[in-house]
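Asks: Those sequence lines, one after another, are chains Y, B and H. Counting in the UniProt record's numbering, the first sequence runs from 1 upward without gaps. Counting in the UniProt record's numbering, the second sequence runs from 1 upward without gaps. Counting in the UniProt record's numbering, the third sequence runs from 1 upward without gaps.
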Amino acid sequence: MLRPLPLLTTMVLLGPVAFGLIGTVLPAFGFLVPGADAPLAHALDWPGLPRALAVSVLSGVLSTLGALIGATLILAGWHGTAAFGWMERVLSPLLAVPHAAAALGLAFLIAPSGWILRIPANLLGWDQAPDLLILNDAWGLSLTAGLIAKELPFLLLMMLAALPQAEVGPRLRVARSLGQGRIAGWLKAVFPSVYAQVRLPVLVVLVFGMTNVDVAVILGPSTPVTLSVQVTRWMTDPDLAFRAVAAAGGLILFAATVAVLALWWAGERLAARLGRAWIWSGRGLPESPARLAGLLLAGGSAAMVLAGLGALAVWSVAALWTFPDMLPDALTMRSWSRFGPEMGAVALRTLTLAAGATLVSVILVIGCLEAEHRFGLTLGQRALWLLYLPLLVPQVAFLPGLQLLPLSLGFGPSVWLVLAGHVVFVLPYVFLSLAGPFRAWDVRLARVASGLGATPNRTLWRLRLPMLLGPLLTAVAVGVAVSVGQYLVTLLLGGGRVPTLATEAVALSSGGDRRAIGVWGLGQAGAALVPFMLALIVPAVVFRNRRGMLHV
Amino acid sequence: MSRFAPLVLAALLAAPAFADPDPADWQAVTEAAKGQTVYWHAWGGSTATNDFIAWIGERAAEQGVTLEHVKLSDTADAVGAVLTEQQAGRDTDGSVDMIWINGANFASMKEADLLFGPFAEQLPNWRFVDVEGKTVTSDFTVPTEGYESPWAMAQLVVVYDSARVKSPPKSADALLEWVGENPGRFTYPQPPDFLGTTFLKQMLIELVPDPAILQDPVGESYADDTAILWEVLDQMRPALWRQGRAYPENGPRQFQLINDGEVDLAFSFSPGEATTAIANFELPDTVRTYVLEGGTIGNASFVAIPYNSSAKEGAMVVANILLSPEAQLRAQTPDILGYGTVLDMDKLSPEDRAAFDALDLGVATLSPAQLGQALPEPHPSWATRLAEDWVARYGVAQ
Amino acid sequence: MSDGLCFDAVTIEKDGTRLLSVSASVAPGDVLTLMGPSGSGKSTLLSLVMGDLPPAFRTSGRVILKGRDLAGLPPEARHIGILYQDPLLFPHLSVAANLAFGLPRGESRAMRRDLVKTALEDVDLAGFGPRDPATLSGGQAARVALMRTLLSRPAALLLDEPFSKLDTGLRDQMRRLVFDRARAARVPVLMVTHDEADAEAAGGEVIRL
């Protein structure tokens, strides 16, 4: 029962990526799609390619650097302070806000006629919005800003999780007693070990930044679009031959991703070298500006996403709201009564799908972890890479193939295919979220229990899982949030037939009815956030009389 | 949960491959349609349209047909889905049952034999359709031959805020001049968006000496014919919104820009859309519409059924509902959709005709007389070629 | 000797190195004490008895409990109770549910309640049943842990540095309690410790590794 689970999990993670890549590579070289003539050459001939690729790479690298620097500075400069505690509380829930919802909110915030510029417009009496290319700018800077705002909390929480193994307290005390400033000491003594642990998440952020579709559609440039968006467009072109061109484009983006990852790796080497030289030099850092920068970046991210959600909320109840008014003429529930019922129905579908994908993932993950505990069956050192594989291979590189292959086997797009696709992306996050607490569980309890005659199954169900209720529910909430945020996989594997909050919200973004976007965006954010609230509340209620469960 | 179940079931139960239904045997069609789920792939960028389709769904449910609106950002997505299925050999039980379609998408699907039919002229409500007065039997010059059924008439109108613009430009030349005088206040949806492409076609009709050449497929003289268009666009570009470095994605997005005070003019392919948008708070009530002095392009919106649809009977039932006086009246009601009807008033019952006559089209909707005779659509090859060339010139920074 | 715990020429090796070899037997109610520095293989021997020795270790010889060779039996089938320096009460269960956890099946609900109640009274903890284990003092928790083990009617009892975390006064009290109870229940005891005083109090055979 338990023994095959690690292998099955490996196949769940590896299979779709491998098959998908094959299904992408073959058409890219002219196989599988009849009528495709030299697709690779066609993709390479696309006049927008240089700029599209440049913007993809630029927004990926810059957003990763921004998020990493911001998370590092806030952690180095403020960890342990009241301000940090407050920031952590604000940023953690933001992590769950789906990319699309956050981007939609941000789009209204930073547009030339958006909330921010309406402040000077009111003060200076502008009756026309300034003609500035802020949103959808040609070099993807607003896309980069949006990605930073969304990825900074992610990296911050990953780094926080890595802190216990880095002996922060003692190392920092030593460094500071040796005359290093707070941030300089942290960077020199703690950062290398923390970075070693968050390296894969950083690479995930890098790949996502380069290849995402939903954020790029909303915030990215349009003349031309980023390469990932162009690949998605080719994929849905009425001309059949463009499927192959899309595959070729996906392959080009994949190659670019590999190249950038290699460059990043070289950059890591270089940074380590420079870091050592810096340590030898004994020089410090301008501490106060660095601390301030960290606070501004992290605080700015939080403020942007929160204000964006606020904007969605106001739009969802707005009557007429024209430039340059800060608030609508009047409030009305009309948009909620127009879009609310359908949104609610789709939210239910979305959550059902999320629950299914999460359930499958949780079962596989618990199975793997329990098999590791009972039989020492681990996936070895490569397990971590395996887990990250679906997150490190660009979605646009393997999803086209994943759409094409089942089709050639006679499975059309269906809700089951979408469910399976979601599992591929939900499982890694559930695993990462649950593995730590599961392994940290005191196994002496299991020995005591077996001494009391409890079978391993009874120990699992009566002791381990109930004691891990908190982490388990958090893992479920993470899984649901990931599933609720999946756009491309739902769109492609569902053939458009499986509407979820993500696909509907992104589809609406092109129309620009901000009231509908408000209702749907809030719905998507809510669907991701409510499980987190439950994950906090339920264990607190269940274990309200069990003090010993507070730290588990 | 309960709404999820039918979806799951529908996905599970692969319907056996029946022979194609006979549209002439309407009794059999309605019988077979009962219990079918029709996936209608239709552009989902306008919430007003989405609401209308949901209403059609309620009417379909009365006849035992479940209608699911698959919201597209581009109709080509649905065409692509059918192509993929054909390529994979999935000739029955396809995922697309009905497509809101016209122009190049119809032409390419018809040419590739991807459509079921002919069925349109056998629909019971076809008897009300204005076959003489409206372009419902040819689509961008391509004969429909019953492979698609019309459901709405569209005509290009220009939308402006009368509180900001006193005398809007009414010809291509006047527009060029106006843009020069009002830099940053004009833009158009980014081709290949259909409205943006329609703007290009409209400009071309205005600019070429003999618009009749556009009725034939693109020929040898294409470069010469269109040189004047690119010249005008080149001149316009520096004075466009964002200096032409970004464009709105589609028509509704342009409305948002008017509402946000970013631009002063917008386009709509539906004469009543501006009035609907005012009712939905999307535009201020000072917005008005007009057509150019030389007239504007008009066409019909159709629905077509893919050859491998799993619910051809259900789709025909829905197409028939779309042609019913009740649905057509609703579509033309300005607060709801404001689309022009495809029906011939003379063929309707007196009560239905009275209902159409009683419609208050709204402040921002032109009367049929003000709209005037619509200009015919050029051959679809023009739209395709113009959009491609536009993208090559302006859509990809070099 | 057939109803005690018997080590018949037991050896444990890892990577070709012999960690320990033991031949000894413990009669019911008696205590065998293992003493030795860290890394001498004490806890490995406990694992061997418990039945969760990692596969990297190679063993020879036999461990016999009540005349039964333990080889191949899963841990839960061996009926061997274990006490650590921490009481390791299950934090999500009440004190009473902790005690009931190891009760053999097959008895009525009322009977099980009675057993738990009596056990609590037995160690001066009457009325503690509904309590949260986290609210018990160190000594109280240690007594609950002992009773939890004894209620499961173990065939043998393993003690892994059981008293090292208790303060001196409490330590004597607990030693007496544990050894008295084990003797009364006629359970053979294997104790691993650093503390000479533990060995003295146990009074049985001492093996120094």
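For every residue, glycine included, the Cβ atom is placed at its ideal position computed from N, Cα and C. Being a predicted model, the structure only gives us computed values, none of them experimental.
Less than 7 angstroms between C-beta atoms, sequence neighbours within five positions excluded: which residues of the same chain meet that for Arg385 of chain B?
Replies: Val218, Tyr222
Asks: Would you call Glu85 of chain B buried or exposed, if buried means 16 or more other Cβ atoms sit within 10 Å of its Cβ?
Replies: buried
Asks: Specify whether the region 410 to 427 of chain Y and the region 494 to 512 of chain Y touch according to this definition: at least 3 beta carbon pairs, one from each stretch, less than 8 angstroms apart.
Replies: yes
Asks: When DSSP labels each residue in this structure, what does residue 406 of chain B get in the three-state scheme?
Replies: There is simply no residue 406 of chain B to check, as chain B begins at 1 and stops at 398 in what is shown.
Asks: On a CA-only basis, which of B:Ala76, B:Thr296, B:Pro271, B:Ala300 is nearest Arg288 of chain B? Give me that one, please.
Replies: B:Pro271
Asks: Does chain B have any CB closer than 7 angstroms to the CB of Thr322 of chain Y?
Replies: At a cut-off of 7 angstroms between beta carbons, Thr322 of chain Y contacts chain B.
Asks: Measure the alpha-carbon distance for Gly300 of chain Y versus Ile116 of chain Y and round it to whole angstroms.
Replies: Approximately 13 angstroms, taken between the alpha carbons.
Asks: Looking at the secondary structure, which residues open and close the alpha helix (DSSP H) in which Asp224 of chain B lies?
Replies: Segment 222 to 236, the alpha helix (DSSP H) holding Asp224 of chain B.
Asks: What residues from chain Y crowd round Gly102 of chain H, counting only those whose CB sits closer than 7 angstroms?
Replies: Result: Leu452, Gly453.
Asks: Given this structure, state the Cα-to-Cα distance separating Tyr247 of chain B from Val542 of chain Y, to the nearest angstrom.
Replies: Using only the alpha carbons, I get a separation of about 54 angstroms.
Asks: Nearest chain Y C-beta to Leu19 of chain H closer than 7 angstroms, yes or no?
Replies: no
Asks: Cα separation between Leu21 of chain Y and Gly401 of chain Y?
Replies: CA-to-CA, the gap between Leu21 of chain Y and Gly401 of chain Y works out to about 6 angstroms.
Asks: Let me check understanding here. Comparing Cα to Cα, which of Y:Leu389, Y:Ala248, Y:Ala371 lies closest to Val30 of chain Y?
Replies: Checking the sequence, you will find Gly at residue 30 of chain Y rather than Val. Considering only alpha carbons, the answer is Y:Ala248.
Asks: Rounded to the nearest angstrom, what separates Arg349 of chain Y and Val489 of chain Y at their Cα positions?
Replies: 16 angstroms
Asks: Counting C-beta neighbours from all protein chains within 10 Å, is the total for Ala392 of chain B 16 or more, i.e. buried, or is it exposed?
Replies: exposed
Asks: The beta strand (DSSP E) with Ala9 of chain H in it runs from where to where?
Replies: 5 to 14
Asks: Below 8 angstroms on the Cβ atoms is my contact criterion, and I expect Ala311 of chain B with Leu123 of chain B to pass it. Report the Cβ-Cβ distance as a whole number of Å.
Replies: Between Leu123 of chain B and Ala311 of chain B the Cβ distance is about 16 angstroms, and since that is not below 8 angstroms, they are no contact.
Asks: Is the beta carbon of Ala315 of chain B sitting closer than 7 angstroms to the one on Val136 of chain B?
Replies: no
Asks: Tell me which residues share the same chain as Leu405 of chain Y and place their Cβ nearer than 7 angstroms to its Cβ, disregarding the 5 neighbours each side in the sequence.
Replies: Phe19, Gly23
Asks: Which residues does DSSP pair with Ala24 of chain H in a beta bridge?
Replies: H:Phe7
Asks: Let me confirm a value: Val346 of chain Y is counted as buried when at least 16 other C-beta atoms fall within 10 Å, else exposed. Which label applies?
Replies: buried
Asks: Assign Arg18 of chain H to one of three DSSP states: helix, strand, or coil.
Replies: strand
Asks: Verify whether the separation of the beta carbon atoms of Ile74 of chain Y and Gly340 of chain Y is less than 7 angstroms.
Replies: no
Asks: If we ignore side chains and look at the alpha-carbon of each, how far apart do Leu331 of chain Y and Asp325 of chain Y end up?
Replies: 13 angstroms
Asks: Considering only the beta carbon of each residue, do Ser162 of chain B and Ala120 of chain B sit closer than 7 angstroms?
Replies: Between Ser162 of chain B and Ala120 of chain B, the gap from beta carbon to beta carbon reaches 7 angstroms or more.
Asks: What does Pro339 of chain Y reach in chain B if we use C-beta pairs closer than 8 angstroms?
Replies: Reading the sequence as shown, one finds Phe at residue 339 of chain Y and not Pro. Near Phe339 of chain Y (Cβ distances below 8 angstroms), the residues of chain B are Thr47.
Asks: In chain Y, what lies closer than 7 angstroms to residue 223 of chain H by C-beta?
Replies: A question about residue 223 of chain H goes unanswered here, because the residues of chain H that appear run from 1 up to 209.
Asks: Output the distance between the C-alpha atoms of Gly470 of chain Y and Ser142 of chain Y, rounded to the nearest integer angstrom.
Replies: 37 angstroms
Asks: Check Ser46 of chain B in the structure and name its three-state DSSP category.
Replies: Of the three classes helix, strand and coil, the one that applies to Ser46 of chain B here is coil, per DSSP.
Asks: Can you tell me which residues form a DSSP beta bridge with Ile82 of chain H?
Replies: H:Leu158
Asks: Is there contact here, the region 162 to 170 of chain H with the region 76 to 90 of chain H, by at least three beta-carbon pairs under 8 angstroms?
Replies: By the criterion of at least three beta-carbon pairs nearer than 8 angstroms, the region 162 to 170 of chain H is in contact with the region 76 to 90 of chain H.
Asks: Scan the region 131 to 162 of chain Y for residues whose Cβ lies nearer than 9 angstroms to a Cβ of chain B and list them as they occur along the chain.
Replies: Asp131, Leu132, Leu133, Leu135, Asn136, Asp137, Ala138
Asks: Could you tell me which residues DSSP puts in a beta bridge with Val82 of chain B?
Replies: Answer is none; Val82 of chain B lacks a bridge partner.
Asks: Does Asn308 of chain B come within less than 7 angstroms of chain Y when only Cβ atoms are used?
Replies: no
Asks: Helix, strand or coil for Met333 of chain Y? Go by DSSP, reduced to three states.
Replies: coil
Asks: Contact between the region 9 to 17 of chain H and the region 236 to 250 of chain B: three or more CB pairs below 8 angstroms?
Replies: no
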